[in-house]
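These notes are about the structure you will find just below.
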Amino acid sequence: MTNSRTIRIAAAIAVTALLAGCSASAATPPATAKTYTYKDMTVGFIQTGSESGWRAANTSSFNEDAKSKGITLKFYDSQNKIENQITAFNQFIQDPQVNVIVLAAVGTTGYDDVLKQAKAAGKVVVLEDRRIEADSSLYYTYIGSDFNAEGQKGAKAMCDLLKNSTGKKVVEIGGDQAASAAIDRAKGFREKMGDCGITVTATQSAPGWDPVQGKAIMEAYLKNSKDIQGVYAHNDELAIAAIQAIEAAGLTPGKDIQVVGFDATANGFKYLISGKLGADIECNPLLAPQVYEAALKALNGDNSVPKWVPSQEGEFFAAQGAATLQSILDTRKY
Ligand code: AHR
Numbered sequence: 001m002t003n004s005r006t007i008r009i010a011a012a013i014a015v016t017a018l019l020a021g022c023s024a025s026a027a028t029p030p031a032t033a034k035t036y037t038y039k040d041m042t043v044g045f046i047q048t049g050s051e052s053g054w055r056a057a058n059t060s061s062f063n064e065d066a067k068s069k070g071i072t073l074k075f076y077d078s079q080n081k082i083e084n085q086i087t088a089f090n091q092f093i094q095d096p097q098v099n100v101i102v103l104a105a106v107g108t109t110g111y112d113d114v115l116k117q118a119k120a121a122g123k124v125v126v127l128e129d130r131r132i133e134a135d136s137s138l139y140y141t142y143i144g145s146d147f148n149a150e151g152q153k154g155a156k157a158m159c160d161l162l163k164n165s166t167g168k169k170v171v172e173i174g175g176d177q178a179a180s181a182a183i184d185r186a187k188g189f190r191e192k193m194g195d196c197g198i199t200v201t202a203t204q205s206a207p208g209w210d211p212v213q214g215k216a217i218m219e220a221y222l223k224n225s226k227d228i229q230g231v232y233a234h235n236d237e238l239a240i241a242a243i244q245a246i247e248a249a250g251l252t253p254g255k256d257i258q259v260v261g262f263d264a265t266a267n268g269f270k271y272l273i274s275g276k277l278g279a280d281i282e283c284n285p286l287l288a289p290q291v292y293e294a295a296l297k298a299l300n301g302d303n304s305v306p307k308w309v310p311s312q313e314g315e316f317f318a319a320q321g322a323a324t325l326q327s328i329l330d331t332r333k334y
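At position 239 of the sequence shown (counting the first as 1) the number is 239 in the working numbering, and the numbers step up by one without a gap.
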């Protein structure tokens, strides 16, 4: 082979290598942000406790959906104490594995410092179930009920239950007084009770939503006066506790005294079907799919989610009849 041909071939090889080198760099995509999937999520879930059937259904929703999505879930039971929730926040803030913190708040205040620390640590924070008093820049979104609207529904239901009653005296058994669910249900009821002349003649909160306390509260009300036409209870367990106290006093719930509760759990439905519970205002506990979807959007820098995503929920009445209520109950998950 002549020298000039060798030189031409060498040159051709050099040019090819050069072009290949350029095309290789051209073929390598520019550095892009990581796209998170559910399998990249480790969620620190700060649950209130295990105070009701609603809470059990809410916890199950988070456990089951995390499992189905391949999310790593670290669960913390706060035993209904705000101080425990602060401890859990600090624990998850310091945990390098945790990139999302979900809070079901026991109270409405006291979270500012840990929310600021979580933000500074680059953790996504999503509120589920209950609203809190905090700057909305400190969390990604709140996914939970409009408890004020629930309270207004409760008042309208009580007005209907008492429409043929001359007396309109109602006693209230509240949930834990620190909880936004209790605060807002009380407020909403009072906004609408005047529409039919209802007055709240007594009110007391059951600390930690404890039904044993709820029953004692109702027993004390009845000991003080039998001139009670309605009971407004902030969840099913408190409504059922009131029904038990009413019966123990020799009165007939659903006839002598009308009872309105919240959550629409399976237990609540049983008392609707028996006619002892007059109305049950639904509060949706199956929030995990929405919460996890929002958290994934946050991890991927999608800020299209509004600061509050209200839960979709209905209401149920003994007047619907046992057969209809049973057929509805047969389709429900909790
Ligand atoms: O925040 C929702 C409320 O919390 C439910 O109505 C009650 O059962 C639970 O304790």
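Heads up, the beta-carbon is just placed ideally off N, CA and C, and yes, glycines get one too.
Who are the Cβ neighbours of residue i in its own chain at under 8 Å, not counting the five residues just before and after it?
i, result
"Q91", "G44 and Y76"
"K187", "N148 and G151"
"I183", "T108, F147 and Q177"
"Q79", "G49"
"V98", "T42, V43, G44, K74, F92 and K123"
"Q290", "I143 and V309"
Strictly by DSSP, which residues pair up with residue i?
i, result
"T203", "E172"
"G250", "Paired residues: none, contrary to the question."
"A233", "I173"
"A357", "A query on residue 357 cannot be resolved here, the shown segment of the chain reaching from 1 to 334 and no further."
"F45", "F75 and V102"
Which same chain residues, not among the five before or five after residue i, have their C-beta less than 7 Å away from its C-beta?
i, result
"D160", "none"
"Q221", "This sequence places Tyr at residue 221; Gln is not what is there. Only V171, A202 and I228 meet the Cβ criterion."
"L115", "V125, A134, L138 and Y139"
"S136", "K307"
Could you give the DSSP three-state label for residue i: helix, strand or coil?
i, result
"Q258", "strand"
"K226", "coil"
"I198", "coil"
"V126", "strand"
"E219", "helix"
"K156", "helix"
"P310", "strand"
"I82", "helix"
"L286", "coil"
"G268", "helix"
"A242", "helix"
"V291", "helix"
"Y334", "coil"
"Y38", "helix"
"T108", "coil"
"E150", "helix"
"L166", "Per the sequence shown, the amino acid found at residue 166 is Thr instead of Leu. T166: coil per DSSP, three-state reduction."
"I93", "helix"
"S50", "coil"
"I132", "coil"
"A298", "helix"
"V212", "helix"
"A88", "helix"
Could you give the first and the last residue of the continuous beta strand (DSSP E) run that contains residue i?
i, result
"A337", "Because the chain is modelled from 1 through 334, residue 337 falls outside the range shown and cannot be assessed."
"Y76", "T72 to D77"
"I143", "T141 to G144"
Which residues in the same chain have their Cβ closer than 6 Å to the Cβ of residue i, if we skip the five residues on either side of it in sequence?
i, result
"T109", "E133"
"A33", "none"
"A233", "I173, A239, A242 and G261"
"A157", "V260 and A279"
"E237", "S52 and P211"
"P253", "I243, I246, V259 and K276"
"M193", "A155"
"A295", "V100, V124 and V126"
"Q117", "I93"
"L103", "I46 and L127"
"S145", "C283 and S311"
"S327", "none"
"A105", "R130 and I132"
"G268", "D236, G261 and D280"
"I86", "V114"
Please tell me whether, using a cut-off of 7 Å, the distance from the CB of residue i to the nearest non-hydrogen atom of the ligand ZN is below it.
i, result
"N284", "The ligand ZN is absent from the structure shown, which contains only the ligand AHR."
Name the two residues that bound the continuous alpha helix (DSSP H) containing residue i.
i, result
"E64", "G53 to K69"
"T324", "A322 to L329"
"D112", "D112 to A120"
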